[in-house]
Structures are given as C-alpha cells and as structure tokens.
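Okay, structure first, notes after.
Chains as they are written, first to last, in the working numbering: chain A, 56 to 228; chain B, 45 to 231.
Okay, structure coming up:
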C-alpha cells in the first residue's frame, strides 16, 4: 500500500477551506507536508513554540470566522491535553488537528503498537470524546477533508492521525 | 506600582471597538469595570491568553486586539512572545499585569518574581515595541500608543491588587459569553 501523498493532503486542506496552518515541526509530516506548506502562499503558516499555543491560536481564528488546523507530533498532542480539554471539548470549539504518529511501526495499528507513545493516543482521544481518523495509505486520503469539515460543522475537535510519512512531490514510496 | 483596577479603569474609559482578551484576575477586574460583548474571557487553559489573542488578531487584521495577561499566565507560555514576534500582527497589543504572585491560586510567589523583567524577555523574543509601566500617569501617557500604535506592542504593568472583583468563573466559561463575543467580533 502506498503512503499518502503530501500534495493530496494539501489539496484536502484547501477543499476543507483551511486558511491557516498552525504548526510545530513533526518528523512524520516534515518533508511530505510541512516543507511544501512552507513554500506555498495559499494557506498561511503560523510557526509556534509549543503545541498548546496552537489550541489558543486556532480558537481565536475560529472566533474570527477563519478555518485553521493545528499540525503537530503526537507527543505535542499529549502535551496539549488540558488546553484541548478546556477549549476544544468543554468550550465546543472546532480544533482541527493533523498529528503525526512518530515511531509507529509500519502496517501496525496504533492500538497494537509496542510503543506507549503511539498506543496511548487513540485511548486519550476517546477519553476526551474527540473524533479521530487514521491516515496510512493513499486510500485514506479521502478521509481528510470530510474529517475537518466535521470539525467545523459540529464545532467539535477532530484529529487526523498520520500513521505513515506522507510522500513529498515526485516521490513514489 | 499602581492598583490594577485603577489602571484598567483608565483603559476602560478609552476603549471603543477593540477586542479585549482578559485572563483570570485581570478578567474579573475588567468585567467589573467594562462589561461589553467584545470582551474575550474564555481562555480555558491558564497561560494561553496571548495565543487566543494572536488567533483573533490574525483572523481579523482590521480589528485591534488587546490582551490583558497575568505574569503567572505568561510564564507558562513565554514562547508565545516569539510566536507573536514571528507572526508580527500590527493590530496586537499585549499588556501583562505583573504582581509577582499566582493570585488566583493562593497568591504564592512566582519563581524569581522580584527579578524577572518581562519587557526584556519580550524584547529578547523579537518584539520591538516593549516597555514597563510603573505609575498611572505613565499608563495614561501610553494609552494613545496602546490604542493606536503599530503592533505588536508589549507592556509590563507593575500592579498590586485593587478592590476585590467577583470571581465569576461561570460567566467566563459560559457558552453565552462566547456566543456574544463571536457575534460582536464578526459583525
């Protein structure tokens, strides 16, 4: 199964009407998505120092009527749980997240990973009641735009988990 | 040193259509002094007031956003100063009420409270327009800059607690508060 394409993820963000990407670098999505995002001008990239900052920035953008996503590694998601709980879950704000699962073994479901840093993520999101989808292959690319649409239509957090490093433009595997 | 409520009262006399993002004790004082729909007090998690404000400022560059932060809150999110400097929103003002204690949590002292220079930290993070305000007269003299100067602007306000304000957590966390703000801000 082929890894998802960064260009397809970028296209999905545009389909979902995303105008801002608020991001901390994540090694899973760095080459295939974050660098291409940094080289384009249609979506504004806001670089942050800590992931929970991003929860606040995305909330503020939402109050301004703008759609944004927060890109980070799953370690940053764990660091942001209190802000996600308060702002996303309790305040019912559309915090849309795209999270790289650093260290996930290829072809292994996150729940079956031998690494706590991976296997704990879905249970944490489930405990918070946060909707999540897993993107591992090109077949999964079609899940991305609808997932983010759900966040904005329901005004609830949604997390797109990236289990395989997205392909950079021109790469085939 | 100045009383926080006396300082904020001077700002309250001058605000018009600015969004005011206020956190904890500053928020409680501000709600007493200037109740209005354009107050954004639903910070949720301590420390990220400036981040909420940055999102508002980036989303509506035509509107001025003034953050009333606390020193304990900012200490939890010092990186936000570099983020603001990088994003460089010209409509963003960050005022930090410096009293050296976690006032909402029993008034325990901040680490290194007497030595921390927030204006120097903001300057070091890349924000060009920074300063420290110690008296009401200085604050009044700075109000034109705060309300009309090109941002990002950062000022540390050296304050003591003033008259007690009702700690209305139900209001700041209430859905209706957020809805009223959003309707006013997107108008």
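Quick reminder that beta carbons are idealized off the backbone N, C-alpha and C, glycines included.
Taking C-beta pairs closer than 7 Å, name the residues in chain A that residue 92 (chain B) reaches, listed in chain order. Taking the second chain and counting its residues from 1, one reaches residue 92 (chain B) at position 48. In chain order, 107, 108, 110, 111, 138 make up the part of chain A whose C-beta sits under 7 Å from the C-beta of residue 92 (chain B).
With burial defined as no fewer than 16 other Cβ atoms inside 10 Å of the residue's Cβ, what is the status of residue 5 (chain B): buried or exposed? Since the first residue shown for chain B is 45 and the last is 231, residue 5 (chain B) is missing from the structure and cannot be characterised.
For residue 144 (chain A), would you say it is in contact with chain B, using Cβ-to-Cβ distances shorter than 7 Å as the test? To locate residue 144 (chain A), count along the first chain from 1; it is residue 89. No, its Cβ sits nowhere closer than 7 Å to a Cβ of chain B.
If you draw a straight line from the C-alpha of residue 209 (chain B) to the C-alpha of residue 68 (chain B), how long is it? In the second chain, residue 209 (chain B) corresponds to position 165, counting from 1. In the second chain, residue 68 (chain B) corresponds to position 24, counting from 1. Residue 209 (chain B) and residue 68 (chain B): Cα-Cα distance of roughly 11 Å.
Could you tell me whether the Cβ atoms of residue 217 (chain A) and residue 173 (chain A) are closer together than 7 Å? Along the first chain, one-based indexing puts residue 217 (chain A) at 162. Along the first chain, one-based indexing puts residue 173 (chain A) at 118. Contact flag unset, no.
Within a Cβ cutoff of 7 Å, which residues of the same chain sit near residue 121 (chain B), ignoring the five residues on either side of it in sequence? Looking up residue 121 (chain B) in the second chain gives position 77. Correct list, in chain order: 91, 92, 94, 95.
Can you pull out the residues from the region 113-130 of chain A whose beta carbon lies closer than 7 Å to at least one beta carbon of chain B? Here the close residues are 113, 114, 115, 116, 118, 119, 120, 121.
Taking buried to mean at least 16 other C-beta atoms within 10 Å of its own C-beta, is residue 79 (chain B) buried or exposed? Along the second chain, one-based indexing puts residue 79 (chain B) at 35. By the neighbour-count criterion, in which a residue is buried when 16 or more other Cβ atoms sit within 10 angstroms of its Cβ, residue 79 (chain B) is exposed.
Go through its chain and collect everything with a Cβ distance to residue 97 (chain A)'s Cβ below 6 Å, but skip five positions before and after it. Along the first chain, one-based indexing puts residue 97 (chain A) at 42. Nothing meets the Cβ criterion.
Kindly say whether residue 102 (chain A), judged by its beta-carbon, lies nearer than 7 Å to any beta-carbon of chain B. The residue labelled residue 102 (chain A) in the question sits at position 47 within the first chain. True, the Cβ-Cβ gap to chain B drops below 7 Å.
I need the straight-line Cα distance from residue 39 (chain B) to residue 116 (chain B), nearest angstrom please. The structure shown does not extend to residue 39 (chain B), since chain B spans only 45 to 231, so no value can be given for it.
For residue 225 (chain B), go through chain A and note every residue whose CB falls closer than 8 Å to its CB, in chain order. In the second chain, counting from the first residue as 1, residue 225 (chain B) sits at position 181. Going along chain A in sequence order, the residues near residue 225 (chain B) (Cβ under 8 Å) are 118.
Within the region 137-197 of chain A, ranges of the alpha helix (DSSP H) (whole runs, at least 4 residues): DSSP runs (the alpha helix (DSSP H)) wholly in the region 137-197 of chain A: 171-174, 176-183.
How would you call residue 202 (chain B), buried or exposed, if buried means at least 16 neighbouring beta carbons within 10 angstroms? Here residue 202 (chain B) is taken as the residue at index 158 of the second chain, counted from 1. With 16 or more other CB atoms across the displayed protein chains lying within 10 angstroms of its CB, residue 202 (chain B) is buried.
Got a sec? Which residues, its chain only, sit under 6 Å from residue 157 (chain A) by beta carbon, not counting five neighbours each side? Taking the first chain and counting its residues from 1, one reaches residue 157 (chain A) at position 102. Within the same chain, residue 157 (chain A) has close Cβ partners 82, 83, 128.
Among B:225, B:99, B:51, which residue has its Cα nearest to the Cα of residue 190 (chain B)? The residue labelled residue 190 (chain B) in the question sits at position 146 within the second chain. Closest option to residue 190 (chain B), judged by alpha-carbon separation, among B:225, B:99, B:51: B:51.
So residue 47 (chain B) and residue 206 (chain B) are in contact, right, with Cβ under 8 Å, and what is the actual spacing, rounded? As a working note, residue 47 (chain B) is residue 3 in the second chain. As a working note, residue 206 (chain B) is residue 162 in the second chain. Taking the Cβ atoms as the reference, residue 47 (chain B) lies roughly 4 Å from residue 206 (chain B), within the contact range of under 8 Å.
Where does residue 63 (chain B) land, buried or exposed, given buried means 16+ other C-beta within 10 angstroms? Counted from its first residue, the second chain places residue 63 (chain B) at position 19. So residue 63 (chain B) ends up on the buried side.
May I ask you to list the residues that DSSP assigns as paired with residue 124 (chain A)? Looking up residue 124 (chain A) in the first chain gives position 69. Note: residue 124 (chain A) sits in a beta bridge opposite A:76, A:151.
Nearest to residue 110 (chain B) by CA position, among B:130, B:98, B:103, B:119, is which residue? In the second chain, counting from the first residue as 1, residue 110 (chain B) sits at position 66. The candidate whose alpha carbon is nearest that of residue 110 (chain B) is B:98.
Identify the residues that DSSP records as bridge partners of residue 26 (chain B): which are they? This structure cannot settle anything about residue 26 (chain B), because the visible part of chain B is limited to 45 through 231.
Any C-beta of chain B sitting closer than 7 Å to the C-beta of residue 141 (chain A)? As a working mapping, residue 141 (chain A) is identified with position 86 in the first chain. Residue 141 (chain A) counts as touching chain B.
Going by alpha carbons, who is nearest to residue 66 (chain B) out of B:140, B:58, B:158? As a position in the second chain, residue 66 (chain B) is number 22, starting the count at 1. Distance check between residue 66 (chain B) and each of B:140, B:58, B:158 places B:140 closest, using alpha-carbon atoms only.
Is the Cβ of residue 130 (chain B) closer than 7 Å to any Cβ of chain A? Mapped onto the second chain, residue 130 (chain B) falls at position 86. Yes, residue 130 (chain B) lies at the interface with chain A (some Cβ there is under 7 Å from its Cβ).
When DSSP labels each residue in this structure, what does residue 96 (chain B) get in the three-state scheme? Indexing the second chain from 1 puts residue 96 (chain B) at position 52. Looking at residue 96 (chain B) - three-state DSSP - the assignment turns out to be helix.
Tell me the residue span of the alpha helix (DSSP H) that contains residue 109 (chain A). What you label residue 109 (chain A) is simply residue 54 of the first chain in a count that begins at 1. Looking at the DSSP string, the run of the alpha helix (DSSP H) that includes residue 109 (chain A) is 106-118.
Report the residues of the region 112-124 of chain B with a CB closer than 7 Å to any CB of chain A, ordered along the chain. Of all residues in the region 112-124 of chain B, only 121, 123, 124 come within less than 7 Å of chain A when Cβ atoms are compared, listed by chain position.
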